[in-house]
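S.K.: This is the structure I have questions about; it appears just below.
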Amino acid sequence: MAAATGIGRSTWGLASGPGTAGPRLAAALLLGGGWQALAMSGLLFQDVMPPLQVLAGGLGAVVLDGGFWANAAVTGAELFLALLIGGVAGAAVGLLLGVSAFMSAAFERWITWLGPTPKIILFPVLILLCGVGPGSKVAMGAVSCFFPMVLSTAAAVRGVDPVLLRVARSFRCGPWQTVLKIYLPSTVAPLLNGVRLGFGLALIGVLLAETKLSNQGIGFAVMQAYARFDMPRMYGLLILVVGFAAAVNIALGHGTRLAAGVAAGRDR
Amino acid sequence: MRAGAALFGLVVVAGLVGLVQVAIGAGFIDEYTVPRPMEIAAALPRLVREEHVASRFLVSAAETFAAGALATVVGTALGAALFRWPLLRRSFEPWAAVLAAAPLVLAYPLFLVLFGRSSVTVVVIAFVSALPPVVLQTVSGFSSVRPVLLAVGRSFGLGRRSEFRHVLLPAALPSVFTGLRLALMFGLINVIGVEFLINLGGLGALINDLSERYDLPGTWAAIGFVVLVSVTFFVLLDGGERWLRQRG
């Protein structure tokens, strides 16, 4: 796929030359075949590890079910709001830490320390603060993506070429103009990468919060499938979520590289 | 300036906590939502006395180390295999990257069905979530070994096996340690998270317990304790990795 776009690099910028599509496909077939053989062998309960045709059936049933799309819309809206709130707040704090060495020395360690702590444990508190409805899920996702967004924005801002900043100063740009004309265009690539990291964490935050306490959303649908022991349906939902996460990751990865290429071209 | 700035940061954070205390006293913040910081601090000894924090801590720590060790051993072996056979790498590395970006922990109901509601489930989920990043980290670690080192090895006529033993492994050891750090980090995050979600075992379940009892100061104190534990753990891991890199 990467070869077809002519970029010749895999999505995550990992080393892989052109012609990786064949081996990748072969690996998928191998894994699928292994799964099928194990499922048909009867060594494991077929309910728990259903053969591929049952999985495909489950996937089809989920996609054709109107309830799934209603749940997907709820989760999608929560995720969008979470990314908007957490992303904008994170970018603002990151900008502050990036431009001011003093603020960075004062506060960045707190962000670095809190960044990798498990966020889901805040959920009981967020329920109290934002209610049992979608509000607490949005808050969960926003808190999750805030930290990577701060750190990647701060690093991106610090990486801006000082010459550009001196040019802005000699043109007497105000703070807003400097942010809009210098910082924003020259940090698009690292910012997109921050959004990619934040997206993954926000998705986990929103979905896990939905599995814990909710009456709508994809996380809720997964718990319903679990409660009814409808394993094909649960696999179908999980496959769709993983596929969605992978697709967004690929898109943002391409965007990051595109922006980095544009930036490199401009500097030349 | 750095020390002054760090002090400033500490003062601001402490000031915010004090502000919350005052705001609750003045009725600006509902005390049934946010308990007074002093009450939260006062709840800590009670947690230690009545809620078996020490043994819960040991449960979570044991699960974290089990998952982390498993992910390090399996992940490093898989990563080394992917590096050793380029075809294998071209075939499977993209899928490892997909899994590393996927919200695997959402599959916890599936693991509940497979392994029952037990510590095994917690460890397996943490292991599965930590594995893809460790594999990717190991492959990139081996790949970033300087070609000149390999050339020296070849000029000494080293075979595949002794090249791995005497050149690749020592050169890639720092990134293997990075893999170990990643495994333990992902391990801790997922162990606490899953304990909280399925209300089983260690510190995560403690938070869930207390919040379901509507013991607000206790819930906040337990959250604070878990944050403190994980921050200490990450700082130690970071320091340990830096120490090893300097020695290596």
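One line per chain: the protein sequences are A and B, in this order.
Numbering of the first sequence is given in my numbering, commencing with residue 6 and proceeding in unit increments.
Numbering of the second sequence is given in my numbering, commencing with residue -1 and proceeding in unit increments.
Every residue gets a Cβ at the ideal spot worked out from N, C-alpha and C, and that includes glycine.
Give me the Cβ distance between Leu104 (chain B) and Leu243 (chain A), rounded to the nearest whole Å; I'm assuming they're in contact under 8 Å.
M.R.: That pair is a contact at about 7 Å.
S.K.: Using the Cβ count rule (16 or more neighbours within 10 Å means buried), how would you classify Arg144 (chain B)?
M.R.: Its Cβ having fewer than 16 others within 10 Å, Arg144 (chain B) is exposed.
S.K.: Rounding to the nearest angstrom, what Cα-Cα distance links Arg115 (chain B) and Ala160 (chain A) in this structure?
M.R.: Computed Cα separation, rounded: 42 Å.
S.K.: According to DSSP, simplified to helix, strand and coil, what is Phe90 (chain B)?
M.R.: Correct three-state label for Phe90 (chain B): helix.
S.K.: Quick one: using the 10 Å Cβ neighbour count with 16 as the cut-off for buried, is Asn254 (chain A) buried or exposed?
M.R.: With 16 or more Cβ atoms within 10 Å of its Cβ, Asn254 (chain A) is classed as buried.
S.K.: Alpha carbons only, please: which of A:Val200, A:Gly203 and A:Met228 is nearest the one belonging to Leu213 (chain A)?
M.R.: When each option's Cα is compared against that of Leu213 (chain A), the closest is A:Met228.
S.K.: When you check each C-beta in the stretch 201 to 214 of chain B against every C-beta of chain A, which residues fall closer than 7 Å?
M.R.: If the cut-off is 7 Å between Cβ atoms, the stretch 201 to 214 of chain B has Gly202, Ile205 and Ser209 near chain A.
S.K.: Would you list, in chain order, the members of the stretch 210 to 229 of chain A that have their beta-carbon closer than 8 Å to a beta-carbon of chain B?
M.R.: Per Cβ criterion, the list reads Leu212, Leu213, Thr216, Lys217, Gly224, Val227 and Met228.
S.K.: Rank B:Phe231, B:Val9, B:Leu129 and B:Arg245 by C-alpha distance to the C-alpha of Phe55 (chain B) and give the top, closest one.
M.R.: Comparing Cα-Cα distances from Phe55 (chain B) to each of B:Phe231, B:Val9, B:Leu129 and B:Arg245, the minimum goes to B:Phe231.
S.K.: Tell me whether the beta-carbon of Tyr188 (chain A) lies closer than 8 Å to the beta-carbon of Leu60 (chain A).
M.R.: Going by C-beta atoms, Tyr188 (chain A) is not nearer than 8 Å to Leu60 (chain A).
S.K.: Between which two residues does the alpha helix (DSSP H) harbouring Met54 (chain A) extend?
M.R.: Where Met54 (chain A) is concerned, there is no enclosing alpha helix (DSSP H), given that its DSSP letter is neither H nor E.
S.K.: Looking at C-alpha atoms only, which residue of A:Pro28, A:Ser109, A:Gly103 and A:Ala111 is the closest neighbour of Leu85 (chain B)?
M.R.: Answer by Cα proximity: A:Pro28.
S.K.: So what does DSSP say about Val184 (chain A), is it helix, strand or coil?
M.R.: Looking at Val184 (chain A) - three-state DSSP - the assignment turns out to be helix.
S.K.: In angstroms with no decimal places, state the Cα-to-Cα distance between Glu49 (chain B) and Ile205 (chain B).
M.R.: Their backbone Cα atoms lie some 10 Å apart in a straight line.
S.K.: Assign Ile27 (chain B) to one of three DSSP states: helix, strand, or coil.
M.R.: Three-state result, Ile27 (chain B): coil.
S.K.: Using 8 Å as the limit for Cβ to Cβ distance, is Gly66 (chain B) near chain A?
M.R.: It does not: the Cβ of Gly66 (chain B) has no partner Cβ on chain A nearer than 8 Å.
S.K.: Drop a sphere of 10 angstroms on the beta-carbon of Ser46 (chain A), count the other beta-carbons inside from all chains shown, and report buried for 16 or more, exposed for fewer.
M.R.: Answer is exposed; the Cβ neighbour count stays below 16.
S.K.: Helix, strand or coil: how does DSSP classify Tyr240 (chain A) here?
M.R.: Tyr240 (chain A) falls in the helix class under three-state DSSP.
S.K.: Can a CB atom of chain B be found closer than 8 Å to the CB of Asn254 (chain A)?
M.R.: Chain B, which has a Cβ nearer than 8 Å to the Cβ of Asn254 (chain A), makes this yes.
S.K.: Scan the stretch 124 to 139 of chain A for residues whose Cβ lies nearer than 9 Å to a Cβ of chain B and list them as they occur along the chain.
M.R.: Those would be Lys124, Ile125, Ile126, Leu127, Phe128, Pro129, Val130, Ile132, Leu133 and Leu134, in chain order.
S.K.: Specify, as a first and last residue, the run of the alpha helix (DSSP H) that Pro167 (chain A) falls within.
M.R.: Pro167 to Ser175 is the span of the alpha helix (DSSP H), which, as asked, contains Pro167 (chain A).
S.K.: Just to make sure I have the definition right: I need the residues of chain A whose C-beta is within less than 7 Å of the C-beta of Arg100 (chain B). Which are they?
M.R.: In the sequence under discussion, the amino acid at residue 100 (chain B) is Ala, which differs from the Arg named in the question. Within 7 Å Cβ-Cβ: Val247, Ala250 and Ala251.
S.K.: CB-CB under 7 Å to Met154 (chain A), same chain, minus the five flanking residues each way: which ones, in chain order?
M.R.: Result list for Met154 (chain A): Gly91, Gly92, Gly95, Ala96, Gly99, Gly199 and Gly203, in chain order.
S.K.: Where are the alpha helix (DSSP H) runs, 4 residues long or more, that stay fully inside the stretch 87 to 148 of chain A, in chain order?
M.R.: Whole alpha helix (DSSP H) segments, 4+ residues: 106 to 119 and 128 to 135.
S.K.: I want to verify the contact list: residues of chain A whose CB lies under 8 Å from the CB of Leu112 (chain B), in sequence order.
M.R.: What Leu112 (chain B) touches in chain A: Val53.
S.K.: For the stretch 140 to 170 of chain A, list every residue whose C-beta sits within 9 Å of some C-beta in chain B, in sequence order.
M.R.: Within the stretch 140 to 170 of chain A, no residue has a Cβ that lies closer than 9 Å to any Cβ of chain B.
S.K.: Cutting at 6 Å between CB atoms, please list the residues of its own chain near Leu249 (chain B), excluding the five before and the five after it.
M.R.: Residue 249 (chain B) lies beyond the residue range present for chain B, which begins at -1 and ends at 246; the question has no answer from this structure.
S.K.: Helix, strand or coil for Arg14 (chain A), going by three-state DSSP, please let me know.
M.R.: Confidence at Arg14 (chain A) is low in this model, with a pLDDT of 34, below 50, so the placement of that residue should be treated as unreliable; the coordinate-derived value is given next. Note: Arg14 (chain A) maps to coil in three-state DSSP.
S.K.: So which of B:Glu161, B:Pro172, B:Thr74 and B:Ala12 has the shortest CA-CA distance to Glu239 (chain B)?
M.R.: The shortest C-alpha separation from Glu239 (chain B) is found at B:Pro172.
S.K.: What is the DSSP secondary structure of Asp235 (chain A), reduced to helix, strand or coil?
M.R.: Three-state result, Asp235 (chain A): coil.
S.K.: Give the range of the alpha helix (DSSP H) segment to which Tyr106 (chain B) is assigned.
M.R.: From DSSP, the alpha helix (DSSP H) with Tyr106 (chain B) extends over Tyr106 to Phe113.
S.K.: Please compile the residues from chain D whose C-beta is within a distance smaller than 9 Å of the C-beta of Met239 (chain A).
M.R.: Considering every chain present, this structure includes no chain D. Its protein chains are A and B.
S.K.: Can you check whether the CB of Arg88 (chain B) is closer than 8 Å to the CB of Thr25 (chain A)?
M.R.: Yes, Cβ-Cβ distance for Thr25 (chain A) and Arg88 (chain B) is below 8 Å.
S.K.: Buried or exposed for Phe272 (chain B), going by 16 or more other Cβ atoms inside 10 Å?
M.R.: Because chain B spans -1 through 246 in this model, residue 272 (chain B) falls outside it and cannot be assessed.
S.K.: In this structure, does DSSP put Thr192 (chain A) in helix, strand or coil?
M.R.: Looking at Thr192 (chain A) - three-state DSSP - the assignment turns out to be coil, as it is neither helix nor strand.
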